[in-house]
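**Q** As numbered in the UniProt record's numbering, residues 1 to 305 make up the sequence shown, in order.
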Amino acid sequence: MQTCYRPRSSVIAPALVTEILESLRALAYNARFEDMEEGFKGTSESIWKSSEDLGDHKVEGPGFVEWLESGNLFWLNGLPGSGKSTLMKYVIEHAKTKEHLSKADPRNWLLACWFFYELGDETSFNSLLHSLLLQILTAQQHLVPLTLQIYRKVQSRPKRNSSTDETWSDGDLMQALTIIVTQSADHFNLCIFVDGSDECGPREHLRSHVKFLLEWLASGEKARRINMKLCIASREITDIWVQLKNYKTCQIHHWTTEDTVTYAEQSLRAAFDDRLWGFNSDRHAELLETLCREISERSNGVFSG
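So this is what it looks like as structure tokens:
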């Protein structure tokens, strides 16, 4: 997959830079991420909890903060409906993420992401590769010349039909991504978030898709050209578990008890008039909290069915 390659020139015309970026754009749009609504106010905060040393024992946190500051790969898994996608979007957009990343390296971090979604059209591994390459090259345009030789190969390949034809193959994109993290002349920091990995199709190729992401991460670490981190969110299915079981992991449904209590309370308050039901009185507020905790316990950390 990795080719020993050096670009003929470190500078190419701005028009050609734009042309290469545009060739990736059609298959790189991620509607799932753009369309996702924010979670209920007050939920998702537990992800920032750190492990605490209490002398005679240690209280473990989710491990996310520790990964941001010192790890390479983090696997966020959980039951269906436990809020994995909501949490992923929350941490991508939250300022605390870059604050903790700065403890790993104070230089600026580029965050790139892709959200798979089997109920939409976003199950393609090829689209993930298009999107990650486009996000990286858009933010770090000095890297575009590294992909020029591959782009020329793409151009020379006969198109099958329309302008949406998948001209960049998986192999082209994987080669380009690998070259970027192994042959960049300038240092940069890269943190990748991939959500819904279990929804990447076709299922029979899922192991090889996850394998590439791990190899890509390893190649970047080995070359030492960049600092690279990868966060994968998915259900705990065998094809993913066998490859990620030895990395830092968090089962999100074990950390969402208070979040589901908050979610239940806000949902009930939205559904019923406080003045009519008297939720603001001490007695009824206590009953409401008891009811919400019962709902949370029965839900096992799942927000929706």
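Virtual Cβ for every residue (Gly too), placed ideally from N, Cα, C.
Predicted model, so just to flag it, every value in this text is computed and none were measured.
Within 9 Å of any Cβ in chain C, is that where the Cβ of Lys-211 sits?
**A** The question asks about chain C, but that chain is absent: this structure has only one protein chain.
**Q** Sort His-253, Thr-18, Leu-76 and Leu-68 by Cα distance to Asn-246 and report the nearest one.
**A** As a first step, residue 246 must be located in the sequence shown, where it is residue number 246. Relative to Asn-246, the option among His-253, Thr-18, Leu-76 and Leu-68 whose CA is nearest is Leu-76.
**Q** Give the secondary structure of Asn-227 by DSSP, where H, G and I count as helix, E and B as strand, and everything else as coil.
**A** Position 227 of the sequence shown, counting from 1, holds the residue named residue 227. Strand, per DSSP.
**Q** Using DSSP bridges, identify the partner residues of Ile-192.
**A** If you number the sequence shown from 1, residue 192 lands on position 192. For Ile-192, which the question treats as bridged, DSSP gives the partners Ala-112 and Leu-230.
**Q** In this structure, what does DSSP give as the bridge partners for Leu-76?
**A** On the sequence shown, position 76 is the one that residue 76 refers to. Leu-76 pairs with Ala-233 and Cys-250.
**Q** Classify Glu-122 as helix, strand or coil using the three-state DSSP reduction.
**A** Here the question's residue 122 lines up with position 122 in the sequence shown. Three-state result, Glu-122: strand.
**Q** Would the stretch 220–230 count as touching the stretch 177–195 if we require 3 or more Cβ pairs under 8 Å?
**A** yes
**Q** Taking contact to mean at least 3 C-beta pairs separated by less than 8 Å, is the stretch 248–255 in contact with the stretch 193–208?
**A** With a cut-off of 8 Å, the stretch 193–208 and the stretch 248–255 do not count as touching, because too few Cβ pairs lie within range.
**Q** Restricting to Cα atoms, I'd like to know which of Leu-73, Arg-32 and Lys-84 is closest to Phe-116.
**A** Mapped onto the sequence shown, residue 116 falls at position 116. For Phe-116, the nearest C-alpha among the options comes from Arg-32.
**Q** Taking the alpha carbon of Thr-123 as the point to measure from, which residue in Val-11, His-100, Glu-204 and Leu-87 has its own alpha carbon closest?
**A** Numbered from 1 along the sequence shown, position 123 holds the residue referred to as residue 123. Taking only the C-alpha atoms, the option nearest Thr-123 is Glu-204.
**Q** Is it true that the CB of Leu-143 sits closer than 9 Å to the CB of Ser-184?
**A** For this step, residue 184 is matched to residue 184 along the sequence shown. For this step, residue 143 is matched to residue 143 along the sequence shown. In this structure, Leu-143 lies closer than 9 Å to Ser-184 by Cβ.
**Q** Cα separation between Asp-170 and Val-181?
**A** Start at 1 with the first residue of the sequence shown, and residue 170 comes out as number 170. Start at 1 with the first residue of the sequence shown, and residue 181 comes out as number 181. About 17 Å.
**Q** What residue does the alpha helix (DSSP H) around Pro-14 start on, and which one ends it?
**A** The sequence position of residue 14 within the sequence shown is 14, counting from 1. Element bounds for Pro-14: 14–25.
**Q** Can you grab the Cα-Cα spacing for the pair Ala-233 / Val-11, in whole Å?
**A** To locate residue 233, count along the sequence shown from 1; it is residue 233. To locate residue 11, count along the sequence shown from 1; it is residue 11. Their Cα atoms are separated by approximately 37 Å.
**Q** Return helix, strand or coil for Gly-83, following the three-state DSSP convention.
**A** As a position in the sequence shown, residue 83 is number 83, starting the count at 1. Looking at Gly-83 - three-state DSSP - the assignment turns out to be coil, as it is neither helix nor strand.
**Q** Tell me the DSSP secondary structure of Gly-61 in three-state form.
**A** Position 61 of the sequence shown, counting from 1, holds the residue named residue 61. Coil, per DSSP.
**Q** Cα separation between Gln-243 and Gly-71?
**A** Looking up residue 243 in the sequence shown gives position 243. Looking up residue 71 in the sequence shown gives position 71. One C-alpha to the other measures close to 17 Å.
**Q** Using 10 angstroms around the beta-carbon of Leu-54, count the other beta-carbons present and answer buried if the total reaches 16, otherwise exposed.
**A** If you number the sequence shown from 1, residue 54 lands on position 54. Below a pLDDT of 50, predicted positions are generally treated as unreliable, and Leu-54, at 46, falls in that range; the measurement from the model is reported next regardless. Per the 10 Å Cβ criterion, exposed.
**Q** Looking at the strands, I want to know which residues DSSP matches up with Gly-201.
**A** The residue given as residue 201 occupies position 201 in the sequence shown. Ser-124, per the DSSP bridge assignment.
**Q** Pick out whichever of Trp-114, Lys-49 and Gly-201 has its Cα sitting closest to the Cα of Val-65.
**A** Here residue 65 corresponds to residue number 65 of the sequence shown, with the count starting at 1. It is Lys-49.
**Q** Do Thr-178 and Trp-216 count as a contact pair if the criterion is CB distance below 9 Å?
**A** The residue you call residue 216 lines up with position 216 of the sequence shown. The residue you call residue 178 lines up with position 178 of the sequence shown. Between Trp-216 and Thr-178, the C-beta gap is smaller than 9 Å, which places the two residues in contact.
**Q** How many angstroms separate the CA atom of Ala-28 from the CA atom of Leu-132?
**A** Stepping through the sequence shown from its first residue, residue 28 is reached at position 28. Stepping through the sequence shown from its first residue, residue 132 is reached at position 132. If you take the alpha carbons of Ala-28 and Leu-132, they lie about 8 Å apart.
**Q** How big is the Cα-Cα spacing for Asp-195 and Met-88?
**A** For the purposes of this step, residue 195 is taken as the residue at position 195 of the sequence shown. For the purposes of this step, residue 88 is taken as the residue at position 88 of the sequence shown. Near 7 Å, if we compare the C-alpha coordinates of Met-88 and Asp-195.
**Q** For Tyr-29, write down the residues that DSSP places opposite it in a beta bridge.
**A** Translated into positions along the sequence shown, residue 29 becomes position 29. None; Tyr-29 has no bridge partner.
**Q** For Arg-235 and Pro-62, which I take to be in contact (beta-carbon distance under 8 Å), what is that distance rounded to the nearest angstrom?
**A** By 1-based counting over the sequence shown, the position of residue 235 is 235. By 1-based counting over the sequence shown, the position of residue 62 is 62. Not a contact, Cβ separation roughly 17 Å.
**Q** Is it right to say Ala-13 is buried, meaning 16 or more other beta carbons lie within 10 angstroms of its own, or is it exposed?
**A** Mapped onto the sequence shown, residue 13 falls at position 13. Result: exposed.
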